[in-house]
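Read in my numbering, the sequence shown has 342 at position 342, and its numbers run on one by one without any break.
Glycine included, C-beta positions come from ideal geometry on N, C-alpha and C.
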Amino acid sequence: MSKKKTCYVTTPIYYASGNVHIGNSYTTLACDAFVRFNRLRGRDTFYLTGMDEHGQKIENAAKSLGRAPQEHVNIIAEETKALWKELNIDFDDFIQTSEERHVLVVQKIFEKLLKSGDIYLGKYEGDYCVYDEAFFTKTQLNSDGTCPDCGRPTTKVQEECYFLNLKKYQQKLLDYIRENPDFIQPETRKNEVVSFVERGLEDLAISRTTFKWGVPVLSNPRHVVYVWIDALSNYISALGYLAEDDSKFKKYWLEGDEVVHVIGKDILRFHAVYWPIMLLALGVPIRFKLYVHGWVLMKEGKMSKSKGNVIYPRDVINRYGLDSLRYYLLREMPLGNDCIFSYDKFIEKYNVDLANDLGNLVSRTISMINKYFKGVVIRPKKTYFSEDEDLRKVAEASIAAYLEAFENFRLQNGIIAVWNLVNRSNKYIDETTPWLLFKDETKREALNSVMYHLFESIRLIALMIAPVIPDSAEIIFKELGLDREDFSALKFGITAESKVAEKVKPLFQRLDLEAEMKYHEAKNEEELQTKPEITIEDFNKLDLRIGEILAAEKVKAATKLLLLKVKIDEEIRTIVSGIAEYYRPEELVGKKVALIANLKPVKIKGHLSQGMLLCAEGEGKPLEILEVFKNDSKSRIL
Ligand code: ME8
Numbered sequence: 001m002s003k004k005k006t007c008y009v010t011t012p013i014y015y016a017s018g019n020v021h022i023g024n025s026y027t028t029l030a031c032d033a034f035v036r037f038n039r040l041r042g043r044d045t046f047y048l049t050g051m052d053e054h055g056q057k058i059e060n061a062a063k064s065l066g067r068a069p070q071e072h073v074n075i076i077a078e079e080t081k082a083l084w085k086e087l088n089i090d091f092d093d094f095i096q097t098s099e100e101r102h103v104l105v106v107q108k109i110f111e112k113l114l115k116s117g118d119i120y121l122g123k124y125e126g127d128y129c130v131y132d133e134a135f136f137t138k139t140q141l142n143s144d145g146t147c148p149d150c151g152r153p154t155t156k157v158q159e160e161c162y163f164l165n166l167k168k169y170q171q172k173l174l175d176y177i178r179e180n181p182d183f184i185q186p187e188t189r190k191n192e193v194v195s196f197v198e199r200g201l202e203d204l205a206i207s208r209t210t211f212k213w214g215v216p217v218l219s220n221p222r223h224v225v226y227v228w229i230d231a232l233s234n235y236i237s238a239l240g241y242l243a244e245d246d247s248k249f250k251k252y253w254l255e256g257d258e259v260v261h262v263i264g265k266d267i268l269r270f271h272a273v274y275w276p277i278m279l280l281a282l283g284v285p286i287r288f289k290l291y292v293h294g295w296v297l298m299k300e301g302k303m304s305k306s307k308g309n310v311i312y313p314r315d316v317i318n319r320y321g322l323d324s325l326r327y328y329l330l331r332e333m334p335l336g337n338d339c340i341f342s343y344d345k346f347i348e349k350y351n352v353d354l355a356n357d358l359g360n361l362v363s364r365t366i367s368m369i370n371k372y373f374k375g376v377v378i379r380p381k382k383t384y385f386s387e388d389e390d391l392r393k394v395a396e397a398s399i400a401a402y403l404e405a406f407e408n409f410r411l412q413n414g415i416i417a418v419w420n421l422v423n424r425s426n427k428y429i430d431e432t433t434p435w436l437l438f439k440d441e442t443k444r445e446a447l448n449s450v451m452y453h454l455f456e457s458i459r460l461i462a463l464m465i466a467p468v469i470p471d472s473a474e475i476i477f478k479e480l481g482l483d484r485e486d487f488s489a490l491k492f493g494i495t496a497e498s499k500v501a502e503k504v505k506p507l508f509q510r511l512d513l514e515a516e517m518k519y520h521e522a523k524n525e526e527e528l529q530t531k532p533e534i535t536i537e538d539f540n541k542l543d544l545r546i547g548e549i550l551a552a553e554k555v556k557a558a559t560k561l562l563l564l565k566v567k568i569d570e571e572i573r574t575i576v577s578g579i580a581e582y583y584r585p586e587e588l589v590g591k592k593v594a595l596i597a598n599l600k601p602v603k604i605k606g607h608l609s610q611g612m613l614l615c616a617e618g619e620g621k622p623l624e625i626l627e628v629f630k631n632d633s634k635s636r637i638l
């Protein structure tokens with residue numbers, strides 16, 4: 001027997017922040033569908049996911065919860081694994097970057113690159129953002145010197161630091177991208193990478209001395225390895241690269257047939273530039289293809305906790321079942337672009353695609369086979385209708401399009417191809433009118449042929465859609481009287497005879513759109529009103545201060561906003577505040593007001609707002625800022 005082809009699939013390893021929403025779930029679900037597809041086509045598949053657990057933010061989060069970092073990340077890893085199981089994610093391995101099997105490999109990688117001269121010890125002079133644990137060059141900073149990623153002030157640092165020599169590999173990487181046109185997909189993402197690299201790479205600072213929760217550099221443990229170098233290595237450490245047992249690394253990477261990394265567009269540069277360069281420096285072949293997808297967005301833009309619009313998978317699956325979530329996300333997201341999640345769209349898709357088109361097709365057909373032939377369907381000896389031929393052709397075209405799409409990670413296109421067959425099959429029922437054929441005794445064979453054609457179409461639909469909605473596909477197979485099949489059965493007409501189930505339960509119950517929307521509106525309202533209980537540690541995260549307003553002016557083209565210059569201690573900040581309807585600029589100057597000083601800065605109407613004034617608001621009463629009279633900008637709020 002010839003050796004099975006292999007396929008190694010990875011998700012990004014998620015930050016151990018315990019915030020798995022439908023966005024990160026998308027990547028994991030998409031990989032799961034791709035993996036199930038590959039298993040069905042007989043590939044030896046290995047699916048890796050895991051957690052990115054090091055760094056200062058995680059250390060701080062653990063501290064604020066009174067946990068040791070290791071204890072904290074283990075709790076989150078267990079919670080995440082449990083969620084993946086609920087989402088029917090069939091992973092083979094779950095790596096945590098704090099595990100010894102990973103840490104040892106990262107240390108060896110670092111030492112290996114030091115020895116080869118690809119990592120060198122240098123001095124970093126420049127700007128550092130403590131929040132993002134990242135160094136920035138002058139040109140990368142915002143014009144006011146703040147961090148380009150989070151907008152917080154950066155600090156000038158001068159410190160000893162290890163660097164990865166990126167410049168040395170710049171041309172090699174460009175050559176690789178050129179010689180392997182399907183390395184980064186879709187094309188638009190590849191073009192972004194090429195122009196980024198062509199602008200010229202700076203060597204990358206890859207160690208930190210400012211915190212401890214990371215992988216220590218073996219030969220110089222004052223340094224910990226930069227979290228991205230640590231994280232990217234997971235793709236090979238999990239396979240046993242540089243470990244005693246490296247059989248998986250040999251099988252799935254070195255000698256493997258297909259290696260696929262799936263990521264969101266936010267982490268493109270790390271995977272398309274730094275990771276391949278690390279591999280080039282290590283002398284490990286770049287075996288992977290990179291599929292880059294867009295964002296799951298809400299109607300009002302990105303999901304964010306402060307907007308209260310984050311949707312967690314359990315919100316959806318507890319009410320609508322798992323397969324409808326799997327279907328929606330995979331059906332709606334095209335490779336490379338964003339998709340919108342909204343409950344009205346979700347319910348519409350649920351009703352039309354799942355309950356009506358698929359669910360009705362299955363339940364109508366099975367009840368007709370029961371009614372007309374006591375549940376038995378037999379392959380006919382000849383063709384009776386011209387529509388039979390057409391249905392077959394559509395089935396074959398749908399299979400071909402589906403295989404091509406899934407093979408290339410175009411999951412949305414693959415699902416659309418399956419629904420072409422779903423819709424054609426429903427139309428076939430209307431065209432052949434089995435209820436009329438049943439009335440005519442002489443048309444029994446023709447009626448059997450119609451049932452057989454529908455049976456075969458549904459079997460093919462269930463087989464193709466199994467990677468996307470595995471539980472529902474399993475139910476359909478049982479109802480058809482079949483065991484689960486693999487893709488060797490992806491041909492029209494191979495069933496000789498079958499006995500279908502006597503009764504079918506609807507796969508997807510139709511939903512009342514209006515009632516569902518009312519439910520979600522009420523729930524939203526409730527969530528917005530009841531704020532969760534917080535601990536004193538949560539409260540201590542707020543930097544509440546007194547600021548003295550030094551200047552105030554109206555913001556152009558914004559009737560509600562004032563631009564304030566506020567002195568906090570010795571620092572002067574700009575704050576954009578929505579109080580223009582209640583205060584004239586000149587009456588604010590000199591006031592000493594309460595504010596939050598550590599709110600993430602945001603740009604409002606072109607001005608960076610570095611804080612928020614606290615105000616009182618009551619029904620029928622004017623908005624009032626909170627003022628002090630005896631204290632000043634050096635005072636604290638307790
Ligand atoms: O970046 N829509 O982890 P992370 C679609 N630890 N996908 C989304 C999404 C959204 N709204 N939000 C997140 C990290 N994602 C690093 C990765 S890998 C060596 C280290 C998905 O927890 C998407 O795949 O921030 C994105 O790339 C990933 O979650 C980021 O997860």
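Is any heavy atom of the ligand ME8 found at a distance shorter than 7 Å from the C-beta of Y15?
-> Sequence index remark: in the sequence shown, residue 15 carries index 15 (1-based). Because some heavy atom of the ligand ME8 lies under 7 Å away, the Cβ of Y15 counts as near it: yes.
Would you tell me roughly how many angstroms separate the C-alpha atoms of G200 and F46, rounded to the nearest one?
-> Position 200 of the sequence shown, counted from the start, is the residue given in the question as residue 200. Position 46 of the sequence shown, counted from the start, is the residue given in the question as residue 46. If you take the alpha carbons of G200 and F46, they lie about 36 Å apart.
My understanding is that K605 touches V555, with C-beta atoms under 8 Å, so please give their C-beta distance in whole angstroms.
-> Indexing the sequence shown from 1 puts residue 605 at position 605. Indexing the sequence shown from 1 puts residue 555 at position 555. Yes, K605 and V555 are in contact; Cβ-Cβ is about 5 Å, under 8 Å.
Where L268 and R189 are concerned, what is the direct C-alpha to C-alpha distance, given to the nearest angstrom?
-> Here residue 268 refers to the residue found at position 268 when the sequence shown is read from its first residue. Here residue 189 refers to the residue found at position 189 when the sequence shown is read from its first residue. Those two C-alpha atoms are separated by around 8 Å.
Can you tell me which of the three DSSP states G264 falls into?
-> Here residue 264 refers to the residue found at position 264 of the sequence shown. The answer is strand: DSSP assigns G264 an E or B state.
According to DSSP, is E160 helix, strand or coil?
-> The sequence position of residue 160 within the sequence shown is 160, counting from 1. Looking at E160 - three-state DSSP - the assignment turns out to be strand.
Same chain, Cβ closer than 6 Å to N24, five either side skipped, listed in chain order = Translated into the one-based positions of the sequence shown, residue 24 becomes position 24. Counting only Cβ-Cβ distances below 6 Å, and skipping sequence neighbours, we find Y14.
CA nearest to the CA of A597, picked from L507, L544 and D512 = Residue 597 sits at position 597 when you count from the first residue of the sequence shown. When only C-alpha atoms are compared, the closest one is L544.
Residue interval of the alpha helix (DSSP H) (run including Q509) = As a working mapping, residue 509 is identified with position 509 in the sequence shown. In the DSSP annotation of this structure, Q509 is not part of any alpha helix (DSSP H), being labelled neither H nor E.
Looking only at C-alpha atoms, which of A30, Q529, E59 and S17 sits nearest to E79?
-> Start at 1 with the first residue of the sequence shown, and residue 79 comes out as number 79. The shortest Cα separation from E79 among A30, Q529, E59 and S17 belongs to S17.
The alpha helix (DSSP H) spanning A462 covers which residue range?
-> As a first step, residue 462 must be located in the sequence shown, where it is residue number 462. According to the DSSP assignment, A462 belongs to the alpha helix (DSSP H) that extends over R444 to I465.
May I have the straight-line CA-CA distance separating V576 from L595, to the nearest angstrom?
-> Position 576 of the sequence shown, counting from 1, holds the residue named residue 576. Position 595 of the sequence shown, counting from 1, holds the residue named residue 595. Spanning the two alpha carbons is a distance of roughly 12 Å.
When DSSP labels each residue in this structure, what does S633 get in the three-state scheme?
-> Residue numbering aside, residue 633 sits at position 633 when the sequence shown is read from its first letter. Of the three classes helix, strand and coil, the one that applies to S633 here is coil, per DSSP.
Residues near K600 by beta carbon distance below 8 Å, same chain, minus five either side = Your numbering for residue 600 matches position 600 in the sequence shown. The answer, listed in chain order, is C150, G151 and R152.
Excluding the five sequence neighbours on either side, which residues of its own chain have a C-beta within less than 6 Å of the C-beta of R484, listed in chain order?
-> Taking the first residue of the sequence shown as position 1, residue 484 is located at position 484. Cβ within range, chain order: F477.
Have a look at D144, Y124 and N142 and flag the residue whose alpha-carbon is nearest the alpha-carbon of F135.
-> On the sequence shown, residue 135 is found 135 positions in, with the first residue counted as 1. Looking at the Cα atoms, Y124 is the closest of the given residues.
Comparing alpha-carbon positions, which option in L87, K503, V73 and F288 lies nearest N370?
-> As a working mapping, residue 370 is identified with position 370 in the sequence shown. Looking from the CA of N370, the closest CA among L87, K503, V73 and F288 belongs to K503.
Cβ separation of N88 and D471, assumed to be a contact under 8 Å, to the nearest whole Å | Here residue 88 corresponds to residue number 88 of the sequence shown, with the count starting at 1. Here residue 471 corresponds to residue number 471 of the sequence shown, with the count starting at 1. The Cβ separation is near 7 Å, so the contact holds.
Range covered by the beta strand (DSSP E) that runs through C129 = Residue mapping note: residue 129 aligns to position 129 of the sequence shown, counting from 1. Unbroken beta strand (DSSP E) run through C129: I119 to C129.
Along the chain, which unbroken stretches of the beta strand (DSSP E) at least 3 residues long are found entirely within the region 57-106?
-> As far as the region 57-106 is concerned, its whole beta strand (DSSP E) runs of at least 3 residues are 93-96.
Return helix, strand or coil for E526, following the three-state DSSP convention.
-> On the sequence shown, position 526 is the one that residue 526 refers to. Residue state, collapsed to three classes: helix.
Please classify E699: is it buried, with 16 or more other beta-carbons within 10 angstroms of its beta-carbon, or exposed?
-> Outside the modelled stretch of the chain, which goes from 1 to 638, sits residue 699, for which no answer is possible.
Mind checking whether the beta-carbon of N712 lies closer than 7 Å to any heavy atom of the ligand ME8?
-> As shown, the chain starts at 1 and ends at 638. That puts residue 712 outside it, with no answer to give.
Tell me the DSSP bridge mates of D153?
-> Taking the first residue of the sequence shown as 1, we reach residue 153 at position 153. Looking at the sequence provided, one finds Pro at residue 153 rather than Asp. Paired residue(s): T146.
Delimiting residues of the alpha helix (DSSP H) encompassing G23 = Taking the sequence shown and counting its residues from 1, the one referred to as residue 23 is at position 23. Note, G23: alpha helix (DSSP H), I22 to L40.
Rounded separation between S635 and A231 - CA only | Translated into the one-based positions of the sequence shown, residue 635 becomes position 635. Translated into the one-based positions of the sequence shown, residue 231 becomes position 231. If you take the alpha carbons of S635 and A231, they lie about 42 Å apart.
Where does T433 sit, in a helix, a strand or coil, going by DSSP?
-> Position 433 of the sequence shown, counted from the first residue, corresponds to residue 433. If DSSP states are grouped into helix, strand and coil, T433 belongs with coil.
State buried or exposed for E639, treating a residue as buried only when at least 16 other CB atoms are found within 10 Å of its CB.
-> Past the edges of the chain, shown from 1 to 638, lies residue 639, and the structure says nothing about it.
For T155, collect the residues of the same chain with a Cβ closer than 6 Å to its Cβ; drop the 5 residues on either side in sequence, then sort them by chain order.
-> Residue numbering aside, residue 155 sits at position 155 when the sequence shown is read from its first letter. So the qualifying residues of the chain are Y128.
Is G264 near the ligand ME8, going by C-beta to nearest heavy atom under 7 Å?
-> Working through the sequence shown from its first residue, we reach residue 264 at position 264. G264 Cβ: within cutoff of the ligand ME8.
Beta-carbon spacing of V292, I184 below 8 Å = The sequence position of residue 292 within the sequence shown is 292, counting from 1. The sequence position of residue 184 within the sequence shown is 184, counting from 1. Closer than 8 Å, so yes.
V296 Cβ short of 7 Å to the ligand ME8 heavy atom set | Translated into positions along the sequence shown, residue 296 becomes position 296. Under cutoff, so the answer is yes.
For V377, which option in K499, F270, E160 and N309 has the closest C-alpha, if you only look at C-alpha atoms?
-> For the purposes of this step, residue 377 is taken as residue 377 along the sequence shown, with counting starting at 1. Ranking the options by Cα distance to V377, first place goes to K499.
For D52: DSSP bridge partner residues = Start at 1 with the first residue of the sequence shown, and residue 52 comes out as number 52. Answer is Y15.
Ordered list of alpha helix (DSSP H) runs contained in the region 335-362, each at least 4 residues | 343-349
Give the range of the alpha helix (DSSP H) segment to which K605 is assigned.
-> Here the question's residue 605 lines up with position 605 in the sequence shown. Unbroken run through K605: none, as it is neither H nor E.
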